Amino acid sequence: EALVAFRELGDRPSEGNALHLLARVNRQDGLLDQAAAAISQALQIASEADSSMMEAHWLAELARIQLARGEPAEALTTSQRSAVIQRRLGDRSREAVALDLTGQAYQQLARYEEAVGFHRRAVTVHRQLGDRWQAANALAHLAAALDHCGDADEARSCRREAADLLSGFDDPVADDLRRRLTTT
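First residue of the sequence shown: 196, per the working numbering; consecutive thereafter.
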(Lines of atoms letter the chains of each structure in order from A and count residues from 1; the text may use other names and numbers.)
(Lines give C-alpha, C1' and ligand atoms only; values in the text may rest on other atoms or scores of the structure.)
Protein backbone atom coordinates (compact mmCIF):
# COMPACT_ATOMS: atom_id res chain seq x y z
CA GLU A 1 0.00 0.00 0.00
CA ALA A 2 2.86 2.39 0.76
CA LEU A 3 4.30 1.79 -2.69
CA VAL A 4 0.99 2.77 -4.30
CA ALA A 5 0.74 5.87 -2.10
CA PHE A 6 4.26 7.01 -3.00
CA ARG A 7 3.48 6.52 -6.70
CA GLU A 8 0.27 8.52 -6.39
CA LEU A 9 2.17 11.29 -4.60
CA GLY A 10 4.92 11.25 -7.22
CA ASP A 11 7.49 10.74 -4.45
CA ARG A 12 10.06 8.82 -6.48
CA PRO A 13 12.79 8.54 -3.79
CA SER A 14 10.28 7.09 -1.29
CA GLU A 15 8.94 4.81 -4.00
CA GLY A 16 12.49 3.59 -4.60
CA ASN A 17 13.02 2.97 -0.88
CA ALA A 18 9.76 1.01 -0.74
CA LEU A 19 10.85 -1.05 -3.76
CA HIS A 20 14.20 -1.70 -2.07
CA LEU A 21 12.43 -2.96 1.06
CA LEU A 22 10.07 -5.06 -1.05
CA ALA A 23 13.06 -6.58 -2.86
CA ARG A 24 14.70 -7.39 0.46
CA VAL A 25 11.58 -9.06 1.88
CA ASN A 26 11.02 -11.02 -1.33
CA ARG A 27 14.67 -12.17 -1.31
CA GLN A 28 14.40 -13.30 2.30
CA ASP A 29 11.21 -15.19 1.42
CA GLY A 30 12.93 -16.88 -1.53
CA LEU A 31 10.91 -14.98 -4.14
CA LEU A 32 13.99 -14.09 -6.15
CA ASP A 33 12.30 -13.15 -9.45
CA GLN A 34 10.02 -10.71 -7.63
CA ALA A 35 12.98 -9.39 -5.64
CA ALA A 36 14.96 -8.82 -8.84
CA ALA A 37 12.03 -7.03 -10.47
CA ALA A 38 11.55 -4.71 -7.48
CA ILE A 39 15.23 -3.78 -7.18
CA SER A 40 15.45 -3.20 -10.94
CA GLN A 41 12.60 -0.70 -10.64
CA ALA A 42 14.34 0.99 -7.70
CA LEU A 43 17.59 1.24 -9.66
CA GLN A 44 15.69 2.80 -12.55
CA ILE A 45 14.43 5.49 -10.15
CA ALA A 46 18.02 6.08 -8.95
CA SER A 47 19.15 6.42 -12.56
CA GLU A 48 16.37 8.86 -13.43
CA ALA A 49 17.18 10.91 -10.32
CA ASP A 50 20.91 10.70 -11.08
CA SER A 51 21.40 9.68 -7.44
CA SER A 52 24.65 7.87 -6.78
CA MET A 53 23.69 7.44 -3.13
CA MET A 54 20.49 5.55 -3.94
CA GLU A 55 22.17 3.60 -6.72
CA ALA A 56 25.06 2.37 -4.58
CA HIS A 57 22.80 1.32 -1.70
CA TRP A 58 20.34 -0.48 -3.95
CA LEU A 59 23.13 -2.16 -5.92
CA ALA A 60 24.12 -3.94 -2.69
CA GLU A 61 20.64 -5.48 -2.55
CA LEU A 62 20.90 -6.48 -6.21
CA ALA A 63 24.19 -8.24 -5.39
CA ARG A 64 22.48 -10.14 -2.54
CA ILE A 65 19.74 -11.23 -4.92
CA GLN A 66 22.32 -12.31 -7.50
CA LEU A 67 24.15 -14.33 -4.84
CA ALA A 68 20.88 -15.97 -3.79
CA ARG A 69 20.19 -16.83 -7.45
CA GLY A 70 23.61 -18.44 -7.81
CA GLU A 71 24.92 -15.69 -10.10
CA PRO A 72 28.31 -14.97 -8.51
CA ALA A 73 29.92 -13.36 -11.55
CA GLU A 74 27.09 -10.85 -11.78
CA ALA A 75 27.16 -10.31 -8.00
CA LEU A 76 30.89 -9.68 -8.17
CA THR A 77 30.47 -6.91 -10.73
CA THR A 78 27.49 -5.41 -8.91
CA SER A 79 29.08 -5.43 -5.45
CA GLN A 80 32.32 -3.92 -6.76
CA ARG A 81 30.35 -1.19 -8.50
CA SER A 82 28.52 -0.47 -5.24
CA ALA A 83 31.82 -0.34 -3.31
CA VAL A 84 33.39 2.08 -5.79
CA ILE A 85 30.43 4.45 -5.59
CA GLN A 86 30.27 4.23 -1.80
CA ARG A 87 34.00 5.00 -1.58
CA ARG A 88 33.49 8.05 -3.79
CA LEU A 89 30.59 9.14 -1.56
CA GLY A 90 32.66 8.60 1.58
CA ASP A 91 30.27 6.10 3.18
CA ARG A 92 32.77 3.71 4.76
CA SER A 93 30.13 1.49 6.36
CA ARG A 94 28.21 0.82 3.17
CA GLU A 95 31.48 0.46 1.26
CA ALA A 96 32.49 -2.26 3.75
CA VAL A 97 29.13 -3.99 3.25
CA ALA A 98 29.79 -4.00 -0.50
CA LEU A 99 33.32 -5.34 0.06
CA ASP A 100 31.89 -8.16 2.17
CA LEU A 101 29.41 -8.94 -0.63
CA THR A 102 32.36 -9.01 -3.03
CA GLY A 103 34.00 -11.57 -0.77
CA GLN A 104 30.82 -13.66 -0.82
CA ALA A 105 30.79 -13.56 -4.61
CA TYR A 106 34.42 -14.69 -4.70
CA GLN A 107 33.50 -17.57 -2.38
CA GLN A 108 30.71 -18.68 -4.71
CA LEU A 109 33.30 -18.60 -7.50
CA ALA A 110 35.57 -20.82 -5.33
CA ARG A 111 38.21 -18.07 -5.24
CA TYR A 112 38.69 -18.24 -1.49
CA GLU A 113 42.02 -16.43 -1.15
CA GLU A 114 40.52 -13.39 -2.86
CA ALA A 115 37.40 -13.69 -0.71
CA VAL A 116 39.53 -13.61 2.45
CA GLY A 117 41.06 -10.28 1.44
CA PHE A 118 37.71 -8.61 0.87
CA HIS A 119 36.19 -10.00 4.06
CA ARG A 120 39.23 -8.84 6.07
CA ARG A 121 38.85 -5.30 4.70
CA ALA A 122 35.15 -5.30 5.59
CA VAL A 123 35.81 -6.59 9.12
CA THR A 124 38.48 -3.92 9.70
CA VAL A 125 36.14 -1.08 8.75
CA HIS A 126 33.19 -2.43 10.73
CA ARG A 127 35.42 -2.82 13.78
CA GLN A 128 36.70 0.74 13.38
CA LEU A 129 33.14 2.04 13.14
CA GLY A 130 31.97 -0.03 16.10
CA ASP A 131 29.29 -1.74 14.02
CA ARG A 132 28.93 -5.01 15.93
CA TRP A 133 26.22 -6.48 13.67
CA GLN A 134 28.05 -5.91 10.39
CA ALA A 135 31.39 -6.96 11.90
CA ALA A 136 29.84 -10.22 13.15
CA ASN A 137 28.42 -11.01 9.72
CA ALA A 138 31.68 -10.17 7.94
CA LEU A 139 33.59 -12.31 10.46
CA ALA A 140 31.23 -15.23 9.77
CA HIS A 141 31.90 -14.86 6.04
CA LEU A 142 35.63 -14.56 6.69
CA ALA A 143 35.56 -17.75 8.78
CA ALA A 144 33.88 -19.67 5.95
CA ALA A 145 36.51 -18.48 3.47
CA LEU A 146 39.35 -19.31 5.87
CA ASP A 147 37.96 -22.83 6.31
CA HIS A 148 38.25 -23.33 2.55
CA CYS A 149 41.81 -22.01 2.66
CA GLY A 150 42.71 -24.56 5.34
CA ASP A 151 43.17 -22.06 8.17
CA ALA A 152 40.93 -23.74 10.75
CA ASP A 153 42.46 -21.95 13.76
CA GLU A 154 41.87 -18.45 12.45
CA ALA A 155 38.41 -19.46 11.22
CA ARG A 156 37.55 -20.67 14.76
CA SER A 157 38.84 -17.40 16.19
CA CYS A 158 36.67 -15.40 13.76
CA ARG A 159 33.60 -17.44 14.67
CA ARG A 160 34.25 -16.91 18.40
CA GLU A 161 34.63 -13.16 17.92
CA ALA A 162 31.50 -12.99 15.77
CA ALA A 163 29.47 -14.90 18.38
CA ASP A 164 30.74 -12.53 21.09
CA LEU A 165 29.76 -9.51 19.01
CA LEU A 166 26.25 -10.93 18.65
CA SER A 167 25.79 -11.21 22.43
CA GLY A 168 23.98 -7.86 22.51
CA PHE A 169 21.36 -8.99 19.97
CA ASP A 170 18.39 -11.14 20.91
CA ASP A 171 16.39 -11.30 17.68
CA PRO A 172 15.78 -14.58 15.82
CA VAL A 173 18.22 -13.72 13.00
CA ALA A 174 21.04 -13.08 15.48
CA ASP A 175 20.12 -16.23 17.43
CA ASP A 176 20.28 -18.30 14.25
CA LEU A 177 23.66 -16.86 13.22
CA ARG A 178 25.07 -17.31 16.72
CA ARG A 179 23.87 -20.95 16.71
CA ARG A 180 25.53 -21.58 13.33
CA LEU A 181 28.77 -19.96 14.52
CA THR A 182 28.97 -22.01 17.70
CA THR A 183 28.10 -25.37 16.13
CA THR A 184 30.59 -25.19 13.25
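All residues carry an ideal CB built from backbone N, CA and C; glycine is no exception.
As the structure is a computational prediction, the values presented were derived from the model and not from experiment.
Between the region 275–282 and the region 237–246 there are fewer than three C-beta pairs closer than 8 Å, too few to call the two in contact. Residues of the same chain with a CB within less than 8 Å of the CB of alanine 268, apart from the 5 flanking positions on each side, are Ala300, Leu304 in chain order. In the three-state scheme derived from DSSP, where H, G and I count as helix and E and B as strand, aspartate 228 is classed as helix. The residues Ala230, Glu256, Arg259, Ile260, Ala263, in chain order, have a CB closer than 8 Å to that of arginine 222 in the same chain once the five nearest residues on each side in sequence are set aside. Taking each of Arg322, Gly363, Asp342, Ala270 in turn and checking the Cα distance to arginine 287, the smallest one comes out for Arg322. If you check the CB distance, leucine 238 and leucine 254 come in under 9 Å. Around the beta carbon of serine 362, a 10 Å sphere encloses fewer than 16 other beta carbons of the protein chains shown; the residue is thus reported as exposed.
Cβ neighbours of alanine 350 within its own chain (closer than 7 Å, five residues either side excluded): Ala338, Leu341, Asp342. Using a Cβ distance threshold of 9 Å, arginine 306 and leucine 360 do not count as a contacting pair.
Check the Cα spacing between glycine 345 and each of Ala331, Phe364, Glu308: the tightest is with Glu308. The criterion of a C-beta distance shorter than 9 Å is satisfied by alanine 218 and alanine 233.
Using a 10 angstroms sphere on the CB of leucine 204, the tally of other CB atoms stays under 16, which defines it as exposed.
Note on the region 298–336: whole alpha helix (DSSP H) runs with a minimum of 4 residues are 307–324, in chain order. In terms of Cα proximity to arginine 355, the closest of Gln236, Leu324, Pro367, Ala335 is Ala335. Counting of Cβ neighbours within 10 angstroms places threonine 379 among the exposed residues, the total staying below 16.
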